[in-house]
Amino acid sequence: MECLNLLHMDMDQHWISSTLNLQSTQQQQQQQQQQATTISMQTSLLDRQFLNNNKEEDKQDLQRQLPCEIVEEILLQLPVKSLLRFRCVCKPWLALISDPKFIKSHLHNHSTKQDEGDDDGKTRSSKALVMLSSSLSLLKSVHVQVLDTRIEAGSTEADAAGAARTTSTRVVVVEEVHESPMRHQAVQDMKIVGSCNGLLCLVLDSQDMMIYNPSTRQLQPVPPPPPPPPPTNNYYSGKDYFYGFGYDSSNDDYKIVRASCSSRNGNFATHLDMYNLNTNSWRAAIKTLPCYFLSNVVGTLLNGALHWVVRLAAAERPFSIVSFDVTEETYRYVPLPGEGDKNFSFYGLGVLGGCLSMLYSPHGSDYEVWLMNEYGVKASWTIFTTIPQKMESEYLGLMSLVRILNNGEIVILLHQRKLVIYNPGHRTLRTILSGDIHSSQLALYLETLVSPSAAPTIKTYSSSITPLNQAKAKASP
């Protein structure tokens with residue numbers, strides 16, 4: 001700007017000199033034209049220099065920015081809600097966060113992340129995210145976080161708490177209601193029949209199905225499954241369907257399994273239909289199992305396989321667990337714990353602490369929580385804890401085990417209407433959420449960016465904030 005001011009002062013001096021010298025009008029016009037040309041050329045040079053200086057400053061700003069690798073590593077640590085907002089920061093971030101490789105890395109990072117303590121080493125946390133649907137056909141997520149504060153011996157807090165008590169546990173529960181995936185359609189009943197990698201498999205009004213990501217609100221309608229095979233040879237077909245939902249890692253595909261059972265004079269047959277997300281189509285009767293599914297409408301997913309408790313025909317031990325491998329599409333039998341396959345009193349399968357779990361009550365006594373510490377090995381079944389049938393003047397009745405927390409407590413769905421935490425050491429229950437909840441509509445959930453579509457489409461979210469680099473581009477001549 002100083003250079004431009006000098007040029008303008010120089011031009012004024014020339015004009016004054018011309019007036020004082022009383023030159024002719026023609027000479028003045030010629031001189032003015034020459035001076036204007038000279039000023040125009042010099043101003044153009046300065047403008048170019050000014051633009052070049054701006055480019056050098058932009059270049060230096062870019063050099064001061066973090067490398068792309070570090071930016072990506074930081075973004076991988078963030079929750080899904082933050083990443084969805086950050087997609088509108090700039091086009092490179094939109095491309096990065098939408099990239100399938102980034103989505104898989106984010107999924108792997110958050111699914112394997114272990115609960116860590118605070119920097120002071122005195123606290124540690126355990127989290128559980130439960131997705132459920134209520135009688136109003138609304139999806140709800142329940143964040144259960146147990147903060148275990150360690151009290152150092154000899155401290156004032158330890159003296160106040162007593163010598164025998166060295167920890168102070170605090171439970172934080174956050175309930176969030178999600179918008180219904182079918183906003184323009186009235187739904188009377190919605191069941192969760194599977195959860196995998198942040199995707200939910202839903203059955204609407206006992207007929208329509210979809211795969212839905214509550215975090216991104218993306219959904220994939222599932223075409224109607226094939227009708228069950230007609231009964232033959234006087235076989236009686238059950239009215240219930242059994243579902244499973246899992247991930248085929250070899251083909252990067254998500255699959256839905258639907259089982260329909262039939263029986264005849266003590267002989268059983270269960271037909272499995274399978275849906276592939278990559279092809280968005282069903283394959284009818286891909287496998288027929290010589291067993292009858294007894295319970296667990298939703299298959300328990302563990303180690304890439306779905307598990308149900310079944311009854312076998314004409315067997316010495318008529319009860320077992322069938323395991324169906326989602327990738328290989330093969331099945332095997334997994335033994336029940338102890339003598340449970342002789343004196344069967346079953347209440348539910350699950351996954352606790354990364355192990356296959358089963359809850360049952362032998363001879364009507366207290367409930368036993370069994371864990372299979374080595375998958376597929378009968379001798380590895382051990383009793384983790386027992387739960388009394390009656391506590392605080394209340395019969396527990398129907399229950400589903402949800403998760404073991406880091407402090408050894410268990411999150412349980414009780415009476416299909418409330419979530420409780422059971423403390424095995426003190427044999428006590430405390431309610432953390434009450435409501436009308438159905439056991440078949442509850443699942444552990446992980447917030448991810450995984451798309452439920454075979455060919456995902458990326459929606460660009462508009463923003464009223466103009467990114468800095470775009471603002472500079474608009475301001476440039």
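Under full-length UniProt numbering, the first residue of the sequence shown is numbered 1, with each subsequent residue one higher.
C-beta: ideal position from N, C-alpha, C; glycine also.
Fair warning: this is a prediction, and the values are worked out from it, not measured in the lab.
- Taking T288 as the centre and dropping the five residues before and after it, the same chain places the C-beta of A269, H271 closer than 6 Å to its C-beta, in chain order.
- Going by C-alpha positions, L84 is about 13 Å away from Q77.
- L139 sits away from P221, with the two beta carbons spaced by 8 Å or more.
- Two segments are said to touch when three or more pairs of C-beta atoms, one from each, lie closer than 8 Å; by this definition the segment 291-305 touches the segment 323-341.
- For C355, the enclosing beta strand (DSSP E) has its first and last residue at 355-360.
- For a cut-off of 8 Å, the C-beta gap from M274 to S195 is around 18 Å, too long to register as a contact.
- For P92, the enclosing alpha helix (DSSP H) begins and ends at 91-98.
- Taking C-beta atoms as the reference points, V193 and V298 count as a pair closer than 8 Å.
- Boundaries of the alpha helix (DSSP H) around R85: 80-86.
- The three-state reading of DSSP puts T300 in strand, counting E and B together.
- The continuous stretches of alpha helix (DSSP H) do not include L433, which lies in the beta strand (DSSP E) extending over residues 428-434.
- Under the rule that a run must span 3 or more residues, the beta strand (DSSP E) segments found entirely inside the segment 180-256 read 190-196, 199-204, 208-213, 218-222, 236-248.
- Note on the segment 383-414: whole beta strand (DSSP E) runs with a minimum of 3 residues are 399-404, 410-414, in chain order.
- Around S111, the same chain offers L446 as residues with beta carbons nearer than 7 Å, after the five sequence neighbours per side are excluded.
- Contact check for L419 against I404 fails: the beta carbons are separated by 8 Å or more.
- Taking the Cβ atoms as the reference, V80 lies roughly 16 Å from L444, outside the contact range of under 8 Å.
- Here S281 is not near P224, since their CB atoms are 8 Å or more apart.
- In the structure shown, L294 adopts coil according to DSSP, grouped into three states.
- At a Cβ-Cβ threshold of 8 Å, G348 and L401 count as neighbours.
- Here DSSP, grouped into helix, strand and coil, assigns T112 to helix.
- With fewer than 16 other Cβ atoms inside 10 Å of its own Cβ, H426 counts as exposed.
- Around the beta carbon of L398, a 10 Å sphere encloses fewer than 16 other beta carbons of the protein chains shown; the residue is thus reported as exposed.
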